[in-house]
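Asker: Just passing along the structure, written as structure tokens.
There are 2 protein chains.
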Amino acid sequence: MSNQLEFRHLRYFLAVAEDLHFRKAAERLYISQPGLSRQIKQMENDLGLKLFERHNRKVILTEAGKYLKDEFTRNLKQLEDTINHAKLIHYGKTGQIELGYVGSAMQKLIPQLLMNYRETKPDVVFSLKEMDNKKQINALLNFDIDIGFVRLEEVPKTIEKKCIKSDIFCLVLPEDHSIDKSNFQDLSQLKSESFILFDPEYSESYYTNVLQVFKDSGFMPSVSHLTIHASSIYNLVKNNFGISIVPKSLISNHIKGVKFIELDKIPQRTNLSVVWNKTNRNPLLPELLDLILSKPN
Amino acid sequence: MSNQLEFRHLRYFLAVAEDLHFRKAAERLYISQPGLSRQIKQMENDLGLKLFERHNRKVILTEAGKYLKDEFTRNLKQLEDTINHAKLIHYGKTGQIELGYVGSAMQKLIPQLLMNYRETKPDVVFSLKEMDNKKQINALLNFDIDIGFVRLEEVPKTIEKKCIKSDIFCLVLPEDHSIDKSNFQDLSQLKSESFILFDPEYSESYYTNVLQVFKDSGFMPSVSHLTIHASSIYNLVKNNFGISIVPKSLISNHIKGVKFIELDKIPQRTNLSVVWNKTNRNPLLPELLDLILSKPN
DNA sequence: CTAATTGATTACTCATAGTTATCATTTGTA
DNA sequence: TACAAATGATAACTATGAGTAATCAATTAG
């Protein structure tokens, strides 16, 4: 079904939809009227719906036809823009950057970065893909992305890495928890709690880093839930399913029902790094890296 | 240029872009390798750019090719969604409504209307077109739109009209103008000012209505600027190019640098009306009209 | 050094887009 | 009422070009 559909059909359909007149449309398309009639009919069969109501001496669009007229017009226009942009890329006038990131980098960093970059290079197309640390490294090696934002300490030799943000950890507690900033001294106060942590599947090295925090406090936590999204953690904590530890940068102002305590005494930090492939030849990459690395981290 | 391009080419290109291997891709597409090679080459000629770098024993995407891979994938996906939606329309499961409006109706009314409607019929596609009063009437007669929002008193016989909002006028003055709510009594206080008004080209009947306001106050205003957008009026007034009169509904909360005085004493109102074609058979229309007309205006 | 892998080239064939000629139906008009 | 013009559908034919099989050239692996 709808596998024989070609652009030709769309062009023909749009011509008829505009003129509502097969002969005129055929003339405008430089083909014969019977040929046009047949193509439209074939298209109708193919899509499994009637595009036109043929009355004795007039042709009108069906409801579905009206809808498709608008959508196909948009679609062809978009395709044309796409091709023009591809030509710009081909002739080195502009380009695109494929960017991978772990969810936590989307909080503030990447939106800001894109806004800054867009000021100087408004034509560049960004393609954003949320992926975990491992996937980003693989994607860099295959040139599927040009640049990544990861929480990793170790990367392969061909991958370059530069830390751009060092974050302290924060405790996440339900709003009415007995411990708060005034009486908190040490993590060991919480050894009997159950914890909600980021899934090690998502970032191995982040997980071991967090576990080290507990080890340093002299206990191993009982882990009740593993999750991938910070918002799930907040929800679970709010509803008393456990408590958690997250990097400070994952905290935004408007999170209701939980409270945070900064763990500024412990040595562990979670580092957000830019990573890229040394052998990547994307001409836009050096400038983008300059922009990122020139920032006061 | 790029007029021979067909969906076939996109499908073939995407297959090769995914496999980076002509033979495997050809197999997957159930065609022979030479056929595939030729189609890709033809596509490259047609677009005027190289999609792949063919090395001795490996094929890689060019920058433009990478970009096109993403875009074409998106495009085909979108097209598929479009066709599925058209089928829903065809089988009467849902539909689309083409809606025309004068700019001033976009302020609050239409967004709210759409939000209300979407609650009950989330699948219906709205196609919004800003058009002046005359164009909307024509579009209704040609069934190019299903419903319109106009400021008109007279409409043709086949067009139905119902007033949904009656607005008083407001004076628009620069913030530091000597006249304000406390000392304003009558428009004739402003007979020596120059006025910025909506272009009669955009709405004849609105213009004559406004002129009647002045006539009733015993003077004809000197008109310094004509414009189509309310925001231009506010900007011009702010910068002391003149003062103006606008319908109250065009005023939003966050307009800086100007002040407004309601003209609640004068009899003129500017009416916003829904208009539709009696003979329109769009099955979604009656329900939409119900929703609009049931509202306390 | 041979065998396997891979994309390009060449010469063929066959499916189908497009053509010409014609029909059926309707509408406007003499 | 009859005749000419208009409009889309149908049928039979043609020719363009998508797809094929066979082969080549270049490279890599064992």
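For the record, the sequence lines run as chains A and B.
The first sequence begins at 64 in the working numbering and counts up by one.
The second sequence begins at 64 in the working numbering and counts up by one.
Using N, Cα and C, we set each Cβ at its ideal position, and we do this for glycine too.
Quick caveat, the model's predicted, so the values are computed rather than measured.
(1) Alpha carbon to alpha carbon, how far is Ile123 of chain A from Ala80 of chain A? Give it in angstroms, no decimals.
(2) What are the start and end residues of the beta strand (DSSP E) that includes Val276 of chain B?
(3) For Glu69 of chain A, return the contacting residues in chain B, with the cut-off set at a CB-CB distance below 7 Å.
(4) Leu114 of chain B and Met106 of chain B: beta carbons closer than 8 Å?
(5) Is Gln96 of chain B close to chain A, meaning its C-beta is less than 8 Å from at least one C-beta of that chain?
(6) Quick one: is Asp144 of chain B buried, meaning 16 or more other Cβ sit within 10 Å of its Cβ, or exposed?
(7) Helix, strand or coil for Asn334 of chain A, going by three-state DSSP, please let me know.
(8) Would you list, in chain order, the members of the stretch 188–199 of chain B that have their beta-carbon closer than 7 Å to a beta-carbon of chain A?
(9) So Leu142 of chain A contacts chain B; which residues on that side make the cut at Cβ distance below 7 Å?
(10) By Cβ distance, which residues of its chain are closer than 6 Å to Gly163 of chain B, with the 5 residues on each side in sequence left out?
(11) Comparing alpha-carbon positions, which option in A:Arg214, A:Lys220, A:Pro237 lies nearest Lys228 of chain A?
(12) For chain B, is any of its Cβ atoms less than 8 Å away from the one on Ser65 of chain A?
(13) Could you have a look at Leu326 of chain A and say whether DSSP puts it in helix, strand or coil?
(14) Could I get the ranges of all uninterrupted beta strand (DSSP E) runs contained in the stretch 183–254 of chain A, with 3 residues as the minimum, in chain order?
(15) Please list the terminal residues of the continuous alpha helix (DSSP H) segment that includes His153 of chain A.
(16) Using a Cβ cut-off of 9 Å, pull out every chain B residue sitting near Leu77 of chain A, in sequence order please.
(17) Out of A:Gly166, A:Arg120, A:Gly158, A:Arg117, state which residue places its alpha-carbon closest to the alpha-carbon of Lys184 of chain A.
(18) Between the C-alpha atoms of Arg86 of chain B and Leu177 of chain B, what's the straight-line distance to the nearest angstrom?
(19) Output the distance between the C-alpha atoms of Asp279 of chain B and Ser251 of chain B, rounded to the nearest integer angstrom.
(20) If you count every other CB in all the chains shown that lies within 10 Å of the CB of Gly320 of chain B, and 16 or more means buried, which is it?
(21) Run through DSSP, which three-state label would Tyr164 of chain A get?
(22) Where DSSP assigns a beta bridge to Glu116 of chain B, which residues make up the other side?
(23) Checking the sheet assignment: what are the DSSP bridge partners for Val300 of chain A?
(24) Counting only the same chain and skipping the five closest in sequence on each side, list residues whose C-beta sits under 7 Å from that of Glu238 of chain A.
Answerer: Inspection of the coordinates gives the following:
(1) Translated into the one-based positions of the first sequence, residue 80 of chain A becomes position 17. Translated into the one-based positions of the first sequence, residue 123 of chain A becomes position 60. The alpha-carbon atoms of Ala80 of chain A and Ile123 of chain A are separated by roughly 8 Å.
(2) Taking the second sequence and counting its residues from 1, one reaches residue 276 of chain B at position 213. Per DSSP, Val276 of chain B belongs to no beta strand (DSSP E); it is in the alpha helix (DSSP H), 267–279.
(3) Residue numbering aside, residue 69 of chain A sits at position 6 when the first sequence is read from its first letter. Within chain B, the residues near Glu69 of chain A are Glu69, Phe70, Arg71.
(4) Within the second sequence, residue 114 of chain B is the residue found at index 51, counting from 1. Within the second sequence, residue 106 of chain B is the residue found at index 43, counting from 1. Taking 8 Å as the Cβ cut-off, Leu114 of chain B and Met106 of chain B qualify as a contacting pair.
(5) In the second sequence, the residue the question calls residue 96 of chain B occupies position 33. False, the Cβ-Cβ gap to chain A never drops below 8 Å.
(6) What you label residue 144 of chain B is simply residue 81 of the second sequence in a count that begins at 1. By the 10 Å Cβ count, Asp144 of chain B comes out exposed.
(7) Start at 1 with the first residue of the first sequence, and residue 334 of chain A comes out as number 271. Asn334 of chain A falls in the strand class under three-state DSSP.
(8) Val188, Ser190
(9) As a first step, residue 142 of chain A is located in the first sequence; it is residue number 79 there, counting from the start. What Leu142 of chain A touches in chain B: Asn138.
(10) Taking the first residue of the second sequence as 1, we reach residue 163 of chain B at position 100. Excluding sequence neighbours, Gly163 of chain B sits near Lys192, Met194, Gln199, Ala202, Ile208, Gly211.
(11) As a working mapping, residue 228 of chain A is identified with position 165 in the first sequence. Taking only the C-alpha atoms, the option nearest Lys228 of chain A is A:Arg214.
(12) Indexing the first sequence from 1 puts residue 65 of chain A at position 2. Residue placement at Ser65 of chain A is flagged as unreliable, the pLDDT there being 49, under the threshold of 50; the coordinate-derived value follows with that caveat. Yes, because at least one Cβ of chain B sits closer than 8 Å to the Cβ of Ser65 of chain A.
(13) Indexing the first sequence from 1 puts residue 326 of chain A at position 263. Reduced to three states, the DSSP call for Leu326 of chain A is coil.
(14) 188–193, 210–213, 222–230, 232–237
(15) If you number the first sequence from 1, residue 153 of chain A lands on position 90. Where His153 of chain A is concerned, the enclosing alpha helix (DSSP H) stretches over 126–153.
(16) Taking the first sequence and counting its residues from 1, one reaches residue 77 of chain A at position 14. Simply none; closest approach about 13 Å.
(17) Residue 184 of chain A sits at position 121 when you count from the first residue of the first sequence. Lys184 of chain A has its Cα closest to that of A:Gly158, out of A:Gly166, A:Arg120, A:Gly158, A:Arg117.
(18) Mapped onto the second sequence, residue 86 of chain B falls at position 23. Mapped onto the second sequence, residue 177 of chain B falls at position 114. Cα to Cα, the separation comes out at about 51 Å.
(19) Numbered from its first residue, the second sequence carries residue 279 of chain B at position 216. Numbered from its first residue, the second sequence carries residue 251 of chain B at position 188. Cα to Cα, the separation comes out at about 10 Å.
(20) Here residue 320 of chain B refers to the residue found at position 257 when the second sequence is read from its first residue. Answer is exposed; the Cβ neighbour count stays below 16.
(21) Taking the first sequence and counting its residues from 1, the one referred to as residue 164 of chain A is at position 101. Of the three classes helix, strand and coil, the one that applies to Tyr164 of chain A here is strand, per DSSP.
(22) The residue you call residue 116 of chain B lines up with position 53 of the second sequence. In the DSSP output, where bridge partners are listed per residue, Glu116 of chain B has B:Ile123.
(23) For the purposes of this step, residue 300 of chain A is taken as the residue at position 237 of the first sequence. Bridge partners of Val300 of chain A: none, in fact.
(24) The residue you call residue 238 of chain A lines up with position 175 of the first sequence. Here the set comprises Gly320, Val321, Lys322.
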